[in-house]
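Everything below concerns the one structure shown next.
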Amino acid sequence: MTKMITRFAPSPTGNLHIGSARTALINFICKSKHEDSKLYLRIEDTDRERSKEEFQNNILSGLQWLGIDWDNEPQIQSQNINRHLEIANKLLDNDKAFKCICSEEDLNERRRKINSGVITSKKICTSCAKNTKVQSLEKDYVIRIKIPIENKEILKDVVQGTVEVNKSEIDDYVLVRRDGTPTYMLSVVVDDHDLGVNFIIRGADHLNNYFRQKFIYEYMNWKIPSYAHIPLIHGEDGSKLSKRHGAVNLIDLKKQGYLPEAIINNLILLGWSPKKNDDELIQLTNIITLFNIKDLSKSASIFSYKKLDYFNNYYLRQEQNLELFINYCKSNLDLKKYIEKDEKKLIRIFNIYKKDISKYQEMVNISEIYFNSNFDVLKNEIFDQEFNNCFKNFLDLINSIKNWEYDIINSEIKGFLKKNNLKFPILGKPIRFLLTNNYNGPSITDIFVILGKEQSIKRLNKYKV
Ligand code: GLU
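Okay, so the sequence shown: first residue is 14 according to our numbering, each after it adds one.
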C-alpha cells in the first residue's frame with residue numbers, strides 16, 4: 014500500500030471535544046498501520062477572533078494525554094497566509110475565481126430568495142464576474158471561486174460511500190475576504206496539498222466542504238486526496254454530543270479521573286467492532302492491527318457515559334495502572350494532601366474500593382472518610398437491641414487486639430460472632446456505619462485495617478448505647 018499522509022486539523026476556537034479526539038484517534042490508528050505513513054497536526058487559526066492560545070494548548074495537551082502523537086512540529090495555518098494568497102491570485106489569473114463587491118445587503122437579499130426557492134441556483138453573485146470594471150479593481154473586493162452550474166459531482170467516500178451533489182447546489186464561495194485574509198476553505202486545501210496529504214479523515218460535518226474544496230485541487234491540477242468522512246457522535250437522546258450529556262472536553266474527563274485506555278476503547282467501538290472477537294475490551298496495539306476504516310459504520314453512533322464508566326472501571330483496576338492513580342493523586346488538590354500524609358494508606362483505600370468506582374475523582378469523598386481525624390457519625394442512628402447488647406463486649410475485644418493485622422482482626426470478629434451466636438449483619442452493618450457513616454461498603458475488617466486501631470476505637474467510642 015502507498016504510504017498514507019494524513020492530518021488532524023483542529024480549529025483552536027474551543028477545547029478538544031471528545032468527538033474531535035475521536036477524529037484524531039482514527040487518523041492516528043490509520044497512520045500507525047504503516048511505518049512510513051505520517052500524521053501531521055495543523056492548527057487552523059484563520060478565524061482570528063475566535064482562535065485562542067488557551068484552546069490550542071488544551072488541544073495539544075489533550076492529544077498528548079491520549080497518547081496521540083504526530084510527525085514534525087504542529088503547523089500553524091496563519092503563518093502560511095502568503096502562500097494561500099498566492100494560490101488565490103493564480104486562480105484569479107486563470108479565470109477560476111473572480112472579484113466580487115456585492116454589499117452585505119444585496120447578498121442577504123439574494124440568500125433570502127435562494128432559501129425561499131424564488132431563485133433555484135445557489136450562486137450568490139451573478140453580476141460581478143461579468144463586470145470588467147470590478148475585475149480590474151485593485152482593492153476592496155472579495156475573491157470568489159467560480160463553480161460551473163452544469164452536471165453533478167460525485168465523491169466516493171471511504172466511509173460514506175458514493176455521494177452525489179449537483180453543481181448548481183455549490184456556491185461560489187469566498188476564497189479571500191475583503192480585508193485580504195484567506196478563508197478556511199482556501200487555506201485547508203493549499204496546506205493539505207503542500208504537505209502532500211493523500212488521505213483526509215475528518216468529521217461528516219465537513220462532507221459538503223469536499224464538494225467545494227475539490228475545485229481548488231482541480232483548477233490547480235493537484236491530485237485530489239481520498240476522503241473518509243466519519244459520522245458524528247450523539248448523546249443517548251440522539252442529539253449531537255454536547256455538555257448537556259456530560260463532560261465533552263477531553264481534559265475535563267482527565268480531571269475526573271478517566272484513563273486514556275478507557276476513552277480510546279470507548280471511542281473506537283462507536284461504529285466499529287473487532288470481528289471474531291466478542292470481547293469489547295481492546296487496547297491500542299490490537300486496534301491498530303484490526304482496525305480498517307472501510308469497516309466503520311456511516312451512521313451516527315451513541316456515546317454512552319455508562320459504557321465509558323464500565324471500561325474505566327476495568328482499566329483502573331489493573332495492577333499495572335496503579336502508577337496512573339498515584340500520578341492522578343498528585344494532580345488533584347484533595348488527593349495530593351492525602352498522598353503526602355500517608356501514601357500507603359491511600360493506596361490501601363484505593364485497592365479496596367477500586368472495584369466499585371468508575372473514575373478516580375470518586376476517591377476524594379471516599380478517602381475523606383478515612384483521613385478525617387474529626388470524623389463524626391452523621392445521625393443518631395438507633396440500632397438493634399441485639400447489637401446494643403453486645404457492643405460493649407465487642408469494643409473490649411477490639412481494644413484487646415495487639416497485632417493490628419487483617420487476618421487477626423478477621424478471625425477475632427468471626428470468633429466473636431460465633432461465641433455470641435450473632436448473624437453478621439446484626440454486628441457488621443452498625444459497626445460499618447459507626448466507622449464510615451455508611452451501612453454499605455468494604456468488609457469491616459478492611460475498614461479497621463485502613464483506619465488503624467486508634468482511629469477505629471475513637472470512632473466506636475462515640476457511640477453511646
Ligand atoms: N478546522 C476544521 C475543524 O476544526 C477541520 C477542517 C478539516 O478537517 O478539513 O472543524
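Note that CB positions come from ideal geometry on N, CA and C, so glycine has one too.
Cutoff 7 Å; reference N423; Cβ partners in own chain excluding five residues on either side: Locating residue 423 in the sequence shown gives position 410, where the first residue counts as 1. Same-chain partners within the cutoff: T458.
If you follow the beta strand (DSSP E) that C113 is in, where does it begin and where does it stop? Mapped onto the sequence shown, residue 113 falls at position 100. First-last of the beta strand (DSSP E) with C113: A110 to C113.
Pick from I167, E182 and S181: whose alpha carbon is nearest that of T175? For the purposes of this step, residue 175 is identified with residue 162 of the sequence shown, where counting begins at 1. Cα-wise, what sits closest to T175 is I167.
Rounding to the nearest angstrom, what Cα-Cα distance links L309 and P287 in this structure? As a working mapping, residue 309 is identified with position 296 in the sequence shown. As a working mapping, residue 287 is identified with position 274 in the sequence shown. Distance between the alpha carbons of L309 and P287 is about 11 Å.
Give the secondary structure of Y240 by DSSP, where H, G and I count as helix, E and B as strand, and everything else as coil. Here residue 240 refers to the residue found at position 227 when the sequence shown is read from its first residue. Strand.
In this structure, how does DSSP classify K288 when only helix, strand and coil are distinguished? Locating residue 288 in the sequence shown gives position 275, where the first residue counts as 1. Here K288 sits in coil by DSSP.
Compare the Cα-Cα distances from P273 to each of M233, Q296 and Y240 and report the closest residue. The residue given as residue 273 occupies position 260 in the sequence shown. Out of M233, Q296 and Y240, Q296 has the C-alpha closest to the C-alpha of P273.
Looking at the structure shown, is S64 part of a helix, part of a strand, or coil, going by DSSP? Numbered from its first residue, the sequence shown carries residue 64 at position 51. Coil at S64, not helix or strand.
Helix, strand or coil for I18? Go by DSSP, reduced to three states. Counting from one through the sequence shown, the residue named residue 18 turns up at place 5. Residue state, collapsed to three classes: strand.
Measuring only the C-alpha atoms, how far is N334 from Y323? Here residue 334 corresponds to residue number 321 of the sequence shown, with the count starting at 1. Here residue 323 corresponds to residue number 310 of the sequence shown, with the count starting at 1. Going from the Cα of N334 to the Cα of Y323 covers about 16 Å.
Kindly indicate the opening and closing residues of the alpha helix (DSSP H) around I470. By 1-based counting over the sequence shown, the position of residue 470 is 457. It spans I457 to N474 - the alpha helix (DSSP H) in which I470 sits, taken as one unbroken run.
Determine the direct distance from the alpha carbon of V478 to that of N402, and round the result to whole angstroms. Residue mapping note: residue 402 aligns to position 389 of the sequence shown, counting from 1. Residue mapping note: residue 478 aligns to position 465 of the sequence shown, counting from 1. Their Cα atoms are separated by approximately 8 Å.
Quick one, which of F461, F446 and L199 has its alpha-carbon nearest D425's? Your numbering for residue 425 matches position 412 in the sequence shown. Rather than Asp, the amino acid found at residue 425 in this sequence is Glu. Answer by Cα proximity: F461.
S314 versus L254: straight-line alpha-carbon distance, rounded: In the sequence shown, the residue the question calls residue 314 occupies position 301. In the sequence shown, the residue the question calls residue 254 occupies position 241. Between S314 and L254, the C-alpha separation is close to 10 Å.
Quick one: what does DSSP say K372 is sitting in, helix, strand or coil? Here the question's residue 372 lines up with position 359 in the sequence shown. Residue state, collapsed to three classes: coil.
Taking 7 Å as the cut-off, is the beta-carbon of H219 closer than that to any non-hydrogen atom of ligand 3? Here the bound small molecules are ligand 1; ligand 3 is not part of this structure.
Note the first and the last residue of the continuous alpha helix (DSSP H) segment covering T145. Position 132 of the sequence shown, counting from 1, holds the residue named residue 145. Run containing T145: T145 to Q148, per the alpha helix (DSSP H) assignment.
Compare the beta carbon distance of L263 and L79 with 8 Å and say whether it is the shorter of the two. For the purposes of this step, residue 263 is taken as residue 250 along the sequence shown, with counting starting at 1. For the purposes of this step, residue 79 is taken as residue 66 along the sequence shown, with counting starting at 1. Taking 8 Å as the Cβ cut-off, L263 and L79 qualify as a contacting pair.
Using 7 Å as the cut-off, classify the Cβ of E62 as near or not near the heavy atoms of ligand 1, replying yes or no. Position 49 of the sequence shown, counted from the first residue, corresponds to residue 62. No, ligand 1 has no heavy atom inside 7 Å of this Cβ.
I'd like the ranges of any alpha helix (DSSP H) spanning at least 4 consecutive residues and lying wholly in the region 141-218. 145-148 and 197-208
CB-CB length for A275 against N340, believed under 8 Å: Counting from one through the sequence shown, the residue named residue 275 turns up at place 262. Counting from one through the sequence shown, the residue named residue 340 turns up at place 327. So it is not a contact: roughly 15 Å between Cβ atoms.
Is S239 near ligand 1, in the sense that its beta carbon is under 7 Å from a heavy atom of that ligand? The sequence position of residue 239 within the sequence shown is 226, counting from 1. Proximity of the beta carbon of S239 to ligand 1 is not indicated: no heavy atom of the ligand is located closer than 7 Å.
Beta-carbon proximity check, V210 vs V189, cutoff 8 Å: Here residue 210 is taken as the residue at index 197 of the sequence shown, counted from 1. Here residue 189 is taken as the residue at index 176 of the sequence shown, counted from 1. It is not a contact, given that the beta carbons lie outside the stated cut-off.
Which residue from Y383, L410 and W417 puts its Cα closest to that of L430? Within the sequence shown, numbered from 1, the residue matching residue 430 stands at position 417. Minimum Cα distance to L430 is reached at L410.
When the distance is taken between beta carbons, is F384 closer than 8 Å to K354? Start at 1 with the first residue of the sequence shown, and residue 354 comes out as number 341. Start at 1 with the first residue of the sequence shown, and residue 384 comes out as number 371. Yes, Cβ-Cβ distance for K354 and F384 is below 8 Å.
Report the residue from R361, K180 and N387 whose alpha carbon sits nearest the alpha carbon of K475. Translated into positions along the sequence shown, residue 475 becomes position 462. Of the candidates R361, K180 and N387, the one whose C-alpha sits nearest the C-alpha of K475 is N387.
Measure the Cβ-Cβ separation of W83 and L104 and say whether it is below 8 Å. Residue mapping note: residue 83 aligns to position 70 of the sequence shown, counting from 1. Residue mapping note: residue 104 aligns to position 91 of the sequence shown, counting from 1. No; because the gap between Cβ atoms is not below 8 Å, this pair is not in contact.
Taking the beta strand (DSSP E) that I306 falls in, what are its first and last residues? Mapped onto the sequence shown, residue 306 falls at position 293. That residue, I306, is in no beta strand (DSSP E); it is neither H nor E in DSSP.
Mark V187 as exposed unless 16 or more other C-beta atoms lie within 10 angstroms of its C-beta, in which case mark it buried. Taking the sequence shown and counting its residues from 1, one reaches residue 187 at position 174. Counting Cβ neighbours within 10 Å, V187 comes out buried, since at least 16 surround it.
Given that a residue counts as buried once 16 or more other Cβ atoms are within 10 Å of its Cβ, and exposed if not, what is F437? Mapped onto the sequence shown, residue 437 falls at position 424. With fewer than 16 Cβ atoms within 10 Å of its Cβ, F437 is classed as exposed.
Give me the Cα-Cα distance between R125 and V147, rounded to the nearest whole angstrom. In the sequence shown, residue 125 corresponds to position 112, counting from 1. In the sequence shown, residue 147 corresponds to position 134, counting from 1. Using only the alpha carbons, I get a separation of about 24 Å.
Curious, which full-length alpha helix (DSSP H) runs of at least 4 residues does the region 292-351 contain? 297-303, 318-330 and 335-344
Tell me the rounded alpha-carbon separation between S50 and T19. The residue you call residue 50 lines up with position 37 of the sequence shown. The residue you call residue 19 lines up with position 6 of the sequence shown. Going by the C-alpha atoms only, they are around 8 Å apart.
From the DSSP output, read off the bridge partner residues of L52. For the purposes of this step, residue 52 is identified with residue 39 of the sequence shown, where counting begins at 1. Beta-bridge pairing links L52 to T19.
Where E99 falls, given that 16 or more other Cβ within 10 Å makes a residue buried: Within the sequence shown, numbered from 1, the residue matching residue 99 stands at position 86. Exposed.
Exposed or buried, which one is K319 when buried takes at least 16 other CB atoms within 10 Å? Within the sequence shown, residue 319 is the residue found at index 306, counting from 1. The C-beta of K319 has fewer than 16 other C-beta atoms within 10 Å across all chains shown, which makes the residue exposed.
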